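Residue numbers (my numbering): 1052 to 1380.
Using N, Cα and C, we set each Cβ at its ideal position, and we do this for glycine too.
From a predicted model like this one, the values you see are computed outputs, not experimental measurements.
Below you'll find the structure, written out as structure tokens, and then a few comments.
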């Protein structure tokens, strides 16, 4: 057989394979580029939403360094901003049908408030005409609740302020962890490290369980809109959770969006403001009568007289600096 004939046969046999591989490579590149665009769109939308979380409708809820527990996240404005930015970045800002199609790929949004969290999920309800509708709606706010083995109940916050039901005393108490230690007989309240571990784990576990439930429930609704993807809570690294539960913030999920031959799945978090600001307490040593200032993370049994936002203010008021081993500057 002549060489030219062998060459022709080689081309005829292998050209389809090379052609298909070239198409697949281009499709993969296009899908990767599209995923990068979706990543940027989701991240920008969540960041914009996080930015407006601290724009309160009511002035009495504006946060100050002495009253972070009165801060309230503006969840309605945050979600509205999220969708406006998302629709703009996906090019459907003037397309209600496109907006509805895009929203169907968002199984859940969670807003972490100071003393609890809000879930924004697809909900089935009867409208005024008695017809069944599907719409993203707010679920009732849930506290960061925890019950220990002694049946003591805790409602945690994003810092160390806590409301607890002391089962042995049959009464409710509230305050910062250092204010309640040695007053209740509850081991968690007497140990700052155990308190922090319980606080973090209870917040993460509670949010994760609800997200898993409502994202799984989203499958019942998505099949009606023609989406065949199975929604489920993605694995979120502990590092992401650690960064999430120190701030009020918003977390949004997009899943099942067709990209090439696969699906786009991602989540993003946007923070509003740091709740754990630098706070200094001015206290009096009961043994010496000396006035000291120290971080709110210090576990001293001093009588706290004043609260300061800076070391300079505390020193100007006549307090001397006092360091502690568990102080994380």
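Please tell me whether residue i and residue j are closer than 8 Å, where the distance is taken between their beta carbons.
i: residue 1381; j: residue 1301; result: The first residue shown for the chain is 1052 and the last is 1380, placing residue 1381 beyond what the model contains.
i: residue 1331; j: residue 1315; result: no
i: residue 1310; j: residue 1144; result: no
i: residue 1212; j: residue 1254; result: no
i: residue 1140; j: residue 1095; result: yes
i: residue 1165; j: residue 1208; result: yes
i: residue 1241; j: residue 1232; result: yes
i: residue 1366; j: residue 1160; result: no
Any idea which residues DSSP pairs residue i with across the strands?
i: residue 1202; result: Answer by DSSP bridge pairing: none, since residue 1202 is not bridged.
i: residue 1186; result: 1174
i: residue 1224; result: 1215
i: residue 1319; result: 1303
i: residue 1100; result: None; residue 1100 has no bridge partner.
i: residue 1313; result: 1310
i: residue 1193; result: 1168
i: residue 1357; result: 1333
i: residue 1090; result: Answer is none; residue 1090 lacks a bridge partner.
i: residue 1371; result: 1343
i: residue 1261; result: Bridge partners of residue 1261: none, in fact.
i: residue 1282; result: For residue 1282, which the question treats as bridged, DSSP gives no partner whatsoever.
i: residue 1180; result: In the DSSP output, where bridge partners are listed per residue, residue 1180 has none listed.
i: residue 1207; result: 1195
I need the boundaries of the alpha helix (DSSP H) containing residue i, first residue and last residue.
i: residue 1141; result: First-last for residue 1141: undefined, no H or E at that position.
i: residue 1147; result: 1147-1154
i: residue 1240; result: 1238-1241
i: residue 1289; result: 1289-1295
i: residue 1363; result: 1362-1367
Less than 6 Å between C-beta atoms, sequence neighbours within five positions excluded: which residues of the same chain meet that for residue i?
i: residue 1115; result: Per-residue confidence for residue 1115 stands at a pLDDT of 44, beneath the threshold of 50, marking its modelled position as unreliable; the derived number appears in the next sentence. Contacts found: none.
i: residue 1103; result: 1128, 1129, 1132
i: residue 1150; result: 1138, 1143
i: residue 1206; result: 1194, 1196, 1214
i: residue 1237; result: 1203
i: residue 1262; result: 1159, 1284
i: residue 1292; result: 1255
For residue i, which residues of its own chain have a beta-carbon under 7 Å away from its beta-carbon, when the five flanking residues on both sides are left out?
i: residue 993; result: There is no way to answer for residue 993, as the model of the chain reaches only from 1052 to 1380.
i: residue 1154; result: 1187
i: residue 1178; result: 1184
i: residue 1201; result: 1218
i: residue 1239; result: 1199, 1245, 1246, 1249
Got a sec, what are the start and stop residues for the beta strand (DSSP E) residue i sits in?
i: residue 1171; result: 1167-1177
i: residue 1332; result: 1331-1335
i: residue 1344; result: 1342-1346
i: residue 1385; result: In this structure the chain extends from 1052 to 1380, so residue 1385 is not present and cannot be described.
Using the Cα positions of residue i and residue j, report the straight-line distance between them to the nearest angstrom.
i: residue 1214; j: residue 1142; result: 46 Å
i: residue 1170; j: residue 1279; result: 24 Å
i: residue 1097; j: residue 1135; result: 11 Å
i: residue 1353; j: residue 1290; result: 34 Å
i: residue 1216; j: residue 1210; result: 18 Å
i: residue 1227; j: residue 1203; result: 16 Å
i: residue 1252; j: residue 1223; result: 22 Å
i: residue 1285; j: residue 1218; result: 37 Å
i: residue 1339; j: residue 1248; result: 33 Å
i: residue 1368; j: residue 1361; result: 11 Å
i: residue 1317; j: residue 1288; result: 13 Å
i: residue 1189; j: residue 1175; result: 12 Å
i: residue 1364; j: residue 1147; result: 54 Å
i: residue 1260; j: residue 1373; result: 41 Å
i: residue 1181; j: residue 1275; result: 19 Å
i: residue 1244; j: residue 1172; result: 34 Å
i: residue 1378; j: residue 1163; result: With a pLDDT of 44 at residue 1378, under the threshold of 50, the modelled position of this residue cannot be trusted; read the value that follows with caution. One C-alpha to the other measures close to 25 Å.
i: residue 1225; j: residue 1349; result: 18 Å
i: residue 1312; j: residue 1294; result: 33 Å
i: residue 1359; j: residue 1298; result: 21 Å
i: residue 1277; j: residue 1152; result: 10 Å
i: residue 1235; j: residue 1321; result: 37 Å
i: residue 1375; j: residue 1220; result: 31 Å
i: residue 1089; j: residue 1264; result: 25 Å
i: residue 1156; j: residue 1337; result: 60 Å
i: residue 1257; j: residue 1351; result: 31 Å
i: residue 1319; j: residue 1296; result: 14 Å
Taking 8 Å as the limit between beta carbons, can you name the residues of its chain near residue i, skipping five residues before and five after?
i: residue 1282; result: 1158, 1266, 1267, 1269, 1270, 1273, 1306, 1307
i: residue 1341; result: 1335, 1371
i: residue 1191; result: none
Determine, for residue i, whether the minimum Cβ-Cβ distance to residues of chain C falls below 8 Å.
i: residue 1261; result: Here there is only one protein chain, and chain C is not present.
Hey, would you say the C-beta of residue i is under 7 Å away from at least one heavy atom of the ligand MG?
i: residue 1343; result: This structure simply doesn't include the ligand MG, nor any ligand for that matter.
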